[in-house]
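**Student:** Have a look at the structure that comes next, please.
Protein chains: 2
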Amino acid sequence: MNRQVILVSRPNGIAQADNFAIVEQPLEPLAEGQLRVRNRFLSVEPAMRGWIADAGNYSAPVPVGGVMRALAVGEVVESRCAGFSVGETMCGWFGWQQFATVAPDAVVRRVREDDLPASLALGVLGINGVTAHLALTRVGEPKVGETVLVSTAAGSVGSAVGQIAKIIGCRTVGIAGGPEKVAQCIEQFGYDAGIDYKCDDIEAALAAACPDGVDVYFDNTAGRISDAVYPHLALHSRVVVCGTAAIPAWDPWPNGPRVERHLLLKRARMQGFVIFDHMASYENSVGQLADWVRSGKLHYLEDVLDGLEACPDALAGLYRGENNGKRIIRLP
Amino acid sequence: MNRQVILVSRPNGIAQADNFAIVEQPLEPLAEGQLRVRNRFLSVEPAMRGWIADAGNYSAPVPVGGVMRALAVGEVVESRCAGFSVGETMCGWFGWQQFATVAPDAVVRRVREDDLPASLALGVLGINGVTAHLALTRVGEPKVGETVLVSTAAGSVGSAVGQIAKIIGCRTVGIAGGPEKVAQCIEQFGYDAGIDYKCDDIEAALAAACPDGVDVYFDNTAGRISDAVYPHLALHSRVVVCGTAAIPAWDPWPNGPRVERHLLLKRARMQGFVIFDHMASYENSVGQLADWVRSGKLHYLEDVLDGLEACPDALAGLYRGENNGKRIIRLP
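Going down the list, the sequences are from chains S and C. Each residue of the first sequence is one higher than the last, beginning at 1 in the numbering used here. Each residue of the second sequence is one higher than the last, beginning at 1001 in the numbering used here.
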């Protein structure tokens, strides 16, 4: 038998626990060309909100009644597919379920870093770390000595962005919610300065932390934090639009202060980044990230929940800010 | 005696005729290192609104009581400056006045195109043409076969953008106000399609004119036209933020539909362009533009007003949409 987390209704806004159900399904025999993976770690991503949403997105919406789309790490337990052997560890689009029966195109990569925890393939050595690395370097294009400002700075993408920017030689400033997360930014992720977005005067905090302006703004929020940041953009600065976590819904489409004047006056650039455009560089990026992890230059935090039962509320909990580090589900 | 147009009060919004006054001043003797230019053509630019505004801009505001800043073309009538000879034609920051007494850094360039009208140095062979050329190619980065959408498409920048995009091999769509300007876009500037932004349903018009989406949006407006365009951006599209003519004032700062989600979903880029960053490429660009003018590939329209008396209302008239082509003032 297989146990699966199914999307049972489409949420308006953030998916809550009751938008999902756990079901049991018999495991069908494997067809030619398929492989079966026993999942050990399931990922929980802020981007799942978009994968579920009915509105246009960069991937087709998860159908109601379908297994929740998710990256996962597991081992091949059965294979009728050349090039995949039982016992190999894979990271791929295996979904929120115990066993995944998939074609090889669901596999993102073989997990080869045997000296490091396999769960990292979902975080700092996975979509989060690779997004941080490639979005920062390709869209942000930080230069030595520049100020890099990161929103959701203690999150799984943001914390990697801050550390990679530091490795590149930038001054790093992290924005996070509450004094504990701000302290974490500085103590665990090496930010030069931290800003609590729940403070009374975020404008003054930004001006104090970024006296020469912001050269690279790596953003995962797109809400009032960004609105406060844009006036602080430096000449020829770059804004990496990597997520819109601060916007609960895009229907009705929300308004905000117009950005065009900032972009014109500062000759600044704003650009969206989605990792799916950069999969050809994934393996090289993981190799670089793994080296940084091994040499102690790149730290990570994992927020581990146990069992498939934790899945339904895990995404909502992420948006409630409960997690401390990359949220993953560990399966027995 | 010299006659000058002075800024007598700072407008809130668009400068009107009564924000200026015409005064007479005796011509002082030339100091060592100065040259005197007799202006023949004065420029009128939408960007003047920003040069006058008190708010931060890419140049210091014109002081109240000072001569209105403007590009002009004229001939050197007196020189105490090595390298500048009486009789040479110069384009530079000579201001709205009959005679300019300036240091050589006010000169933008010598006008060498003796076979073409000198006034073109203020339009298609000047800041407008060079802005169109460099902003389109460097920020817009159009590729053969792509759809390039231009707002203020019949204007002095926009009309050059549309024609240069056509030379590059793009499909061009122009947005302009009213059926006459739309017809002008197609008949005089070779756009493949035109959109009247005063029409009932600009969304439907955009969808019809850009069925594969917009690859490059060259914008001078930043208002409701842009708001309608953003949802039509194609994957990996580029928005050139060249002006904000549709926003009457930035105090209070106006709101509009948030752009971040479009940029993320389409992995699109928005970037500001100001010609002052690209002055090193000015001469090369003028050379290219002049070749296109000579070969009949690049057309232009001039809207000529006569005499210094026309200056005070000329900018307000531009924002009233009165001009038909690049507005210049001809002096006797």
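C-beta: ideal position from N, C-alpha, C; glycine also. Since this is a predicted model, take the numbers as computed values, not measurements.
On the CB-based measure, 16 or more other CB atoms within 10 Å of its CB, does residue 1120 (chain C) come out buried or exposed?
**Tutor:** Classification for residue 1120 (chain C): buried.
**Student:** Using CA atoms only, rank isn't needed, just tell me which of S:311, S:320, S:318 and S:332 is closest to residue 67 (chain S).
**Tutor:** Residue S:311 is the option with its Cα nearest to residue 67 (chain S).
**Student:** Hey, is residue 1266 (chain C)'s beta-carbon within less than 8 angstroms of any beta-carbon in chain S?
**Tutor:** Interface residue, yes.
**Student:** Can you find a CB in chain C that lies within less than 8 angstroms of the CB of residue 137 (chain S)?
**Tutor:** Not one chain C Cβ lies under 8 angstroms of residue 137 (chain S).
**Student:** Which first and last residues belong to the beta strand (DSSP E) in which residue 217 (chain S) is found?
**Tutor:** Residue 217 (chain S) -> beta strand (DSSP E) spans 214-219.
**Student:** Can you tell me which of the three DSSP states residue 170 (chain S) falls into?
**Tutor:** DSSP places residue 170 (chain S) in coil when its eight states are reduced to three.
**Student:** Closest to residue 1031 (chain C) by C-alpha separation, out of C:1088, C:1104, C:1039 and C:1002, would be which residue?
**Tutor:** That would be C:1104, whose Cα lies nearest to the Cα of residue 1031 (chain C).
**Student:** Could you give the distance in angstroms between the alpha-carbon of residue 1281 (chain C) and the alpha-carbon of residue 1170 (chain C)?
**Tutor:** Each residue's alpha carbon lies about 23 angstroms from the other.
**Student:** Output the residue ranges of the beta strand (DSSP E) runs that lie fully inside the region 181-252 of chain S and measure 3 residues or longer, sorted by chain position.
**Tutor:** Runs of the beta strand (DSSP E) inside the region 181-252 of chain S: 193-196, 214-219 and 233-241.
**Student:** Which runs of the beta strand (DSSP E) spanning at least 3 residues fall entirely within the region 1003-1085 of chain C, listed in chain order?
**Tutor:** Correct list: 1020-1025, 1035-1043 and 1072-1079.
**Student:** Contact between the region 1246-1263 of chain C and the region 1280-1300 of chain C is defined here as three or more beta-carbon pairs at a separation below 8 angstroms; is this criterion met?
**Tutor:** The region 1246-1263 of chain C is not in contact with the region 1280-1300 of chain C.
**Student:** Anything in chain S within Cβ reach of residue 1090 (chain C), meaning under 7 angstroms, just list it in chain order.
**Tutor:** Going along chain S, no residue has its Cβ under 7 angstroms from residue 1090 (chain C), so there is no contact; the nearest lies around 27 angstroms.
**Student:** Listed in chain order, which residues of the region 147-173 of chain S have Cβ atoms closer than 9 angstroms to some Cβ of chain C?
**Tutor:** If the cut-off is 9 angstroms between Cβ atoms, the region 147-173 of chain S has nothing near chain C.
**Student:** In terms of residue numbering, what span does the beta strand (DSSP E) encompassing residue 1302 (chain C) cover?
**Tutor:** First-last of the beta strand (DSSP E) with residue 1302 (chain C): 1302-1306.
**Student:** Assuming residue 293 (chain S) is part of the alpha helix (DSSP H), what are its boundary residues?
**Tutor:** Run containing residue 293 (chain S): 282-294, per the alpha helix (DSSP H) assignment.
**Student:** Below 8 angstroms on the Cβ atoms is my contact criterion, and I expect residue 1229 (chain C) with residue 1149 (chain C) to pass it. Report the Cβ-Cβ distance as a whole number of Å.
**Tutor:** Yes, they are in contact, since the Cβ atoms of residue 1229 (chain C) and residue 1149 (chain C) sit about 6 angstroms apart, within 8 angstroms.
**Student:** Check the Cβ of residue 1101 (chain C) against every Cβ in chain S and list those closer than 7 angstroms, keeping chain order.
**Tutor:** Near residue 1101 (chain C) there are no residues of chain S at all, since even the closest Cβ is about 31 angstroms away, more than 7 angstroms.
**Student:** Out of S:85, S:321, S:122 and S:295, state which residue places its alpha-carbon closest to the alpha-carbon of residue 181 (chain S).
**Tutor:** For residue 181 (chain S), the nearest C-alpha among the options comes from S:321.
**Student:** Assuming residue 1237 (chain C) and residue 1205 (chain C) make a contact with CB atoms under 8 angstroms, what is their CB distance in whole Å?
**Tutor:** No, residue 1237 (chain C) and residue 1205 (chain C) are not in contact; Cβ-Cβ is about 18 angstroms, not under 8 angstroms.
**Student:** Below 8 angstroms between beta carbons: does that hold for residue 1173 (chain C) and residue 1207 (chain C)?
**Tutor:** No, the pair does not count as a contact, with Cβ atoms beyond the cut-off.
**Student:** Residue 250 (chain S) touches chain C at which residues, Cβ-Cβ below 8 angstroms?
**Tutor:** Ordered by position in chain C, the residues that pass the 8 angstroms Cβ test against residue 250 (chain S) are 1261.
**Student:** Report buried or exposed for residue 302 (chain S), applying the criterion of at least 16 other Cβ atoms within 10 angstroms of its Cβ.
**Tutor:** With 16 or more other Cβ atoms within 10 Å, it is buried.
**Student:** List the endpoints of the continuous alpha helix (DSSP H) containing residue 127 (chain S).
**Tutor:** Looking at the DSSP string, the run of the alpha helix (DSSP H) that includes residue 127 (chain S) is 127-134.
**Student:** What first and last residue would you give for the alpha helix (DSSP H) that runs through residue 261 (chain S)?
**Tutor:** Residue 261 (chain S) -> alpha helix (DSSP H) spans 260-265.
**Student:** I want to see whether chain S comes within less than 8 angstroms of residue 1245 (chain C), judged by CB atoms only; does it?
**Tutor:** No, its Cβ sits nowhere closer than 8 angstroms to a Cβ of chain S.
**Student:** Tell me the DSSP secondary structure of residue 1176 (chain C) in three-state form.
**Tutor:** Reduced to three states, the DSSP call for residue 1176 (chain C) is strand.
**Student:** If you run the structure through DSSP and keep just helix, strand and coil, what is residue 165 (chain S)?
**Tutor:** Helix, per DSSP.
**Student:** Give the straight-line distance between the Cα atoms of residue 101 (chain S) and residue 62 (chain S), rounded to the nearest whole angstrom.
**Tutor:** The alpha-carbon atoms of residue 101 (chain S) and residue 62 (chain S) are separated by roughly 17 angstroms.
**Student:** At a CB-CB cut-off below 9 angstroms, which residues of chain C make contact with residue 51 (chain S)?
**Tutor:** Those within 9 angstroms of residue 51 (chain S) in chain C number zero; the least Cβ separation is about 13 angstroms.
**Student:** Would you call the CB atoms of residue 987 (chain C) and residue 1034 (chain C) closer than 8 angstroms?
**Tutor:** The structure shown does not extend to residue 987 (chain C), since chain C spans only 1001 to 1332, so no value can be given for it.
**Student:** In terms of DSSP beta bridges, what is residue 148 (chain S) paired with?
**Tutor:** S:172 and S:216, per the DSSP bridge assignment.
**Student:** Check residue 273 (chain S) in the structure and name its three-state DSSP category.
**Tutor:** Looking at residue 273 (chain S) - three-state DSSP - the assignment turns out to be coil, as it is neither helix nor strand.
**Student:** Is the region 1287-1301 of chain C touching the region 1118-1138 of chain C in the sense that three or more CB pairs, one from each, lie closer than 8 angstroms?
**Tutor:** Because the criterion of three Cβ pairs below 8 angstroms is met, the region 1118-1138 of chain C and the region 1287-1301 of chain C touch.
**Student:** What does the alpha-carbon distance come out to for the pair residue 153 (chain S) and residue 286 (chain S)?
**Tutor:** Roughly 20 angstroms separates the two Cα atoms.
**Student:** On the CB-based measure, 16 or more other CB atoms within 10 Å of its CB, does residue 60 (chain S) come out buried or exposed?
**Tutor:** Exposed is the call here.
**Student:** According to DSSP, simplified to helix, strand and coil, what is residue 100 (chain S)?
**Tutor:** Of the three classes helix, strand and coil, the one that applies to residue 100 (chain S) here is strand, per DSSP.
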